[in-house]
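Residue numbers (our numbering), protein chains in the order written: chain V, 212 to 388; chain A, 1168 to 1550.
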Amino acid sequence: MATVLKVASTTTVDRFDALFTLFYPQLFGLVYRVLGDRMETEDTLQETFLKLADEPQLQSRPDPEVSAWLRRVSLNLAFNRIRSERRASARTERAARLEPSALHESDGVERREQQEDVRRALAELPQRQRECLLLRHSGYSYVEIAATLEIALGSVGVLLGRAERAFSVIYRRHAQA
Amino acid sequence: MTINSVVCPDLGRWRAWLDNADGTARFDDHLASCPACQRAVADLRQDAATAGAAIASLPVHAVSKAEHDLARERLTWRLREPTAIRRSAPLRRSTTGLRVAAGSVAAAVLVSVIVAFTPEGRTAAAAFLAQFRSRQVVAIEVSPQSQEAIMRTFSSLNDLGAVQSPRGGMQAAPGQVTVADAGRLIGFPVQTPDPAVLPAGLDRTPRVQVIPAGQMRFTFDKAKAQRYLQSRGQPQVNLPDKFNGASLVVSTPAAAMLEYSSRDSHQSLIIGQAGEIVVDVQGQVTLDEMRDFLLGLPGLPKSATDQLRQIKSWTQTLPVPVPIDKVNWTSVNFQGRHQGLLLNDNSGLGSVAIWNDGGHMLAVAGSLKANDLKVVADSLAVR
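Structure representation (structure tokens):
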């Protein structure tokens, strides 16, 4: 992930565009994992970048700081959405209709149920644990995780270990229900 | 736990050790000789494997360039809304098709300002003239670069004078109304589709809302314009004195929106109906002068202005900008008699139909294939 954190354009006029171009694709991949729906992912990222537009001082910060902020805000918004059980149900069915390429016809229902179990288990974790877990298993480094969660680098390991323990317990419970 | 007088690494260090993220080698010897740590690491490894496999089961989606560009364009439109409205009105998603339609209509209103000043309109110079009425539609193909240039140019209107929206623009009226009430509010009977041709799964009873009429007035301010043009290095673009105080007025009519949704709200079909968009000029400026000035604004793409100039019945034709990188379009007959546009989102997720029926603008948008959407559009009638 660190390789994409190249320096974006520094002119004021182009800065927002550069940040959007640089970070939208990777944020899309991350948030899509949480929501499993292209439209909801795009809506979440629209809200994220609208918030960024209201933060001119933040935009002028170095790229790694901005990307950490974007990850933090977009994940918060995404998990706020997923906490609603009603939305989760609608999302599952919409995913079946709009995202057929992500699933094989033969095992679509079973896999969708599994994915919903994963998302619900993530949503039950404390905020920092679930974000740490998702970021790590989406390929982010300990440095990036620490920056996103605003914690010391040395705290990432313990947070991750606790998150994986808690997730495993909750996930097995969902899977057996 | 201790062994051989060495303090065991804590949970966090062992977890980082599993990821080779924390000076890993120095713990290897300890692990080999510490049963307690061996059990702890085994548990950590198993939990990490469980969590990793579970999260890996979540599908990934690489965003395409078209999706990226569309999202950027949509963000640009939202950023143009006043901050207070943006913050108080959370984004509401309907369909990709509706998004395309909304963007097209909004852009069309802006572009129609330019249409009002094409060469055919050079005859009048009265104090108040109704210059343009949207009696038919035509596609104007625009590239991504042209879209950006057009939006950038129109955004500079704020720097040439004052923009006012005294009636609040496109805010939806609160609450639902009946189809009959909607007809009374917009001034003509609302057409509804044949329930038999609606896609399976959609409720046959629509949710009906009315968007009130709006108006945008732009008034030139010579001093402000000159300051702006000079700051942009365009001192040669001269705004004559008589432009000072001259106004463009774009009036958007009240619109009825019928939304047919499925029970779980993940699919919907939107049918919009409205009267005409009207563009007027107020002041002592001739159309030639106004046209020359607006078409000479820095940055307006020649490809777009050339297409606008080629519209023969310009005073009655609403140009609909079609982003050629995202939307296919065809010119077709609706309801067997009205020429209009059928737009098909390249992503395959949505289509839009736009046409004019006796002075009334109609649009149908939804997550259907274009041919299926046209069947719904053709079935519209006053029932």
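Cβ coordinates follow ideal geometry from the N, Cα and C atoms, glycine included.
Check your understanding: Who are the near neighbours of A/L1211 in its chain, counting only those whose CB is closer than 8 Å to its CB and skipping five residues on each side?
Key -> Here residue 1211 of chain A is taken as the residue at index 44 of the second sequence, counted from 1. Cβ neighbours of A/L1211 beyond the five flanking positions: L1178, W1181, R1182 and L1185.
**Study point:** Run of the beta strand (DSSP E) containing A/L1415, from where it starts to where it stops
**Key:** Translated into positions along the second sequence, residue 1415 of chain A becomes position 248. It spans S1414 to T1419 - the beta strand (DSSP E) in which A/L1415 sits, taken as one unbroken run.
Review point. What does DSSP give as the partner residues of A/L1524 in its beta bridges?
Key: Counting from 1 along the second sequence, the entry for residue 1524 of chain A is found at position 357. Before going further, note that residue 1524 of chain A is Asp rather than Leu in the sequence given. For A/D1524, which the question treats as bridged, DSSP gives the partners A/H1527.
Practice item. Inspect the beta-carbon positions of A/E1426 and A/R1351 and report whether they are closer than 8 Å. Key: As a working note, residue 1426 of chain A is residue 259 in the second sequence. As a working note, residue 1351 of chain A is residue 184 in the second sequence. Cβ atoms of A/E1426 and A/R1351: not closer than 8 Å.
Check your understanding: Thinking C-alpha only, which one of V/Q270, V/L263 and V/V329 is nearest V/F404?
Key -> In the structure as shown, chain V starts at 212 and stops at 388, and residue 404 of chain V therefore has no counterpart that could be examined.
Point to revise | Identified DSSP bridge partners for A/I1444 | key: The count along the second sequence starts at 1 and reaches residue 1444 of chain A at position 277. DSSP output for A/I1444 lists no bridge partner at all.
Exercise for review: Return helix, strand or coil for V/Q387, following the three-state DSSP convention.
Suggested key: Residue numbering aside, residue 387 of chain V sits at position 176 when the first sequence is read from its first letter. DSSP places V/Q387 in helix when its eight states are reduced to three.
Practice item. Return the bridge partner residues of A/A1221 from the DSSP annotation. Key: Position 54 of the second sequence, counted from the first residue, corresponds to residue 1221 of chain A. Answer is none; A/A1221 lacks a bridge partner.
Point to revise | Best match in V/F231, V/H348, V/I362 and V/V354 for proximity to V/Q257 [C-alpha to C-alpha] | key: As a working mapping, residue 257 of chain V is identified with position 46 in the first sequence. It is V/F231 whose Cα lies nearest to the Cα of V/Q257.
Check your understanding: Using a Cβ-Cβ distance under 8 Å, would V/F239 count as near chain A?
Key -> Here residue 239 of chain V refers to the residue found at position 28 when the first sequence is read from its first residue. Chain A contact via Cβ: present.
Practice item. List the residues of chain V whose Cβ lies closer than 9 Å to the Cβ of A/R1180, in chain order. Key: The residue you call residue 1180 of chain A lines up with position 13 of the second sequence. Chain V residues near A/R1180: G365, G368 and V369.
Review point. Based on the DSSP secondary-structure assignment, which residues constitute the bridge partners of A/H1505?
Key: Within the second sequence, the letter at position 338 stands for residue 1505 of chain A. A/H1505 is bridged to A/F1501.
Exercise for review: Mind checking the stretch 373-386 of chain V against chain A and listing, in chain order, the residues whose C-beta falls within less than 7 Å of any C-beta there?
Suggested key: E375, R376, F378, S379 and Y382
Practice item. Tell me, please, whether the CB atom of A/H1505 is closer than 8 Å to any CB atom in chain V? Key: For the purposes of this step, residue 1505 of chain A is identified with residue 338 of the second sequence, where counting begins at 1. It does not; no Cβ of chain V falls within 8 Å.
Point to revise | Same chain, Cβ closer than 7 Å to V/R339, five either side skipped, listed in chain order | key: Taking the first residue of the first sequence as position 1, residue 339 of chain V is located at position 128. The answer, listed in chain order, is L360 and L370.
Check your understanding: Thinking just about the alpha-carbon of each residue, which of V/A264, V/Y382 and V/E251 is nearest to the one in V/D225?
Key -> Along the first sequence, read from residue 1 onward, the residue named residue 225 of chain V stands at position 14. Closest by alpha carbon: V/A264.
Practice item. Check A/P1362 in the structure and name its three-state DSSP category. Key: Position 195 of the second sequence holds residue 1362 of chain A. Reduced to three states, the DSSP call for A/P1362 is helix.
Check your understanding: Would you report the Cα separation of V/P267 and A/D1195, rounded to the nearest angstrom?
Key -> Counting from 1 along the first sequence, the entry for residue 267 of chain V is found at position 56. Counting from 1 along the second sequence, the entry for residue 1195 of chain A is found at position 28. Approximately 48 Å between the Cα atoms of the pair.
Exercise for review: Determine, using beta carbons only, whether V/G247 comes closer than 8 Å to chain A.
Suggested key: Counting from one through the first sequence, the residue named residue 247 of chain V turns up at place 36. So, interface residue.
Practice item. Measure the C-alpha to C-alpha separation of V/P311 and A/A1209 and round it to an integer number of angstroms. Key: Position 100 of the first sequence, counted from the start, is the residue given in the question as residue 311 of chain V. Position 42 of the second sequence, counted from the start, is the residue given in the question as residue 1209 of chain A. Residue confidence for V/P311 is low, a pLDDT of 37 falling below 50, so the modelled location carries little weight; the figure read from the coordinates is stated next. Spanning the two alpha carbons is a distance of roughly 38 Å.
Exercise for review: May I ask which residues mark the beginning and end of the beta strand (DSSP E) holding V/S278?
Suggested key: Within the first sequence, the letter at position 67 stands for residue 278 of chain V. Here V/S278 belongs to no beta strand (DSSP E); instead the alpha helix (DSSP H) covers D274 to I293.
Check your understanding: Which of the residues in the stretch 1205-1238 of chain A, read from start to end, lie with their CB under 8 Å from any CB of chain V?
Key -> D1210, L1211, Q1213, D1214, A1215, T1217, A1218, G1219, A1221, I1222, A1223, S1224, L1225, P1226, V1227, H1228, A1229, V1230, E1234, H1235 and A1238
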